[in-house]
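Report on the structure given below.
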Amino acid sequence: MATRRDRFETERKIFIEHIRSLGLRQTGQRELIMKTFLSTEEHLTIEDLHRLVQKHDPTVGHTTVYRTLKLLTEAGLAREVRFGDNKTYFEHHYNHEHHDHMICTQCGRVIEFYSEAIENLQEKMAEKFNFRPTHHSLRMWGICVDCQAREAEVHTAPSGAQPRVRVRSAIRK
Ligand SMILES: [Zn+2]
Ligand SMILES: [Zn+2]
Ligand SMILES: [Zn+2]
88 MATRRDRFET ERKIFIEHIR SLGLRQTGQR ELIMKTFLST EEHLTIEDLH
138 RLVQKHDPTV GHTTVYRTLK LLTEAGLARE VRFGDNKTYF EHHYNHEHHD
188 HMICTQCGRV IEFYSEAIEN LQEKMAEKFN FRPTHHSLRM WGICVDCQAR
238 EAEVHTAPSG AQPRVRVRSA IRK
């Protein structure tokens, strides 16, 4: 199995080949943006990534982050996802299995999931309509387990009561 490090090196090579094919050189800022993006397993907006990158180098501008994300997307390392809040998020694309998303409308948490049964059902539906699907993105909006617990607390806690300790269930990010 390829280690994280191997995977990063492969992704880095793909990126550098892509920018070279456009007649560009790898710069220190592009390297930092690429590294930061590839080492964060999250769904990031340009602003999120900009904030992370600025922790290491405050001189990196928004436009450079935008352009580098665009290059990463063209190179097949990143892909755009939308969660219905009018923002564009980016996630890893290279060597990442297909998955769908559940989005908490209260805290914005995004849960990734994959269901063989749902995938098969979608294919069957497409067949039924003689539709040739190229790709899909299934998104479910709702309230995550933590926000449900928070809601329950607000509703059940008598006024002036001490905040109760609540059990956090571990859910897959
Ligand atoms: Zn799917
Ligand atoms: Zn939530
Ligand atoms: Zn995702």
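The numbers in the sequence shown follow our numbering, run straight up by one, and end at 260.
The beta-carbon is built from N, C-alpha and C at its ideal position, and this holds for glycine as well.
Assign Leu-131 to one of three DSSP states: helix, strand, or coil. In this structure, Leu-131 counts as strand in the three-state DSSP scheme.
Helix, strand or coil for Ala-204, going by three-state DSSP, please let me know. helix
Tell me the DSSP secondary structure of Cys-191 in three-state form. strand
Between Ile-103 and Lys-157, what straight-line distance do the alpha-carbon atoms span, to the nearest angstrom? 14 Å
Report buried or exposed for Leu-119, applying the criterion of at least 16 other Cβ atoms within 10 angstroms of its Cβ. buried
What's the gap between the Cα of Lys-215 and the Cα of Asn-207? 12 Å
In the DSSP assignment, find the beta strand (DSSP E) that holds Ala-239 and state where it starts and stops. Unbroken run through Ala-239 is the alpha helix (DSSP H), 232-243; no beta strand (DSSP E).
Span separating the alpha-carbon of Lys-211 from that of Asp-187: If I take the Cα positions, the gap works out to 18 Å.
Can you list the residues near ligand 3, meaning Cβ strictly closer than 7 Å to any non-hydrogen atom, in the order they appear in the chain? Cβ-based neighbours of ligand 3 within the cut-off: His-130, Val-168, Glu-178, His-186, His-188, Val-197 and Glu-199.
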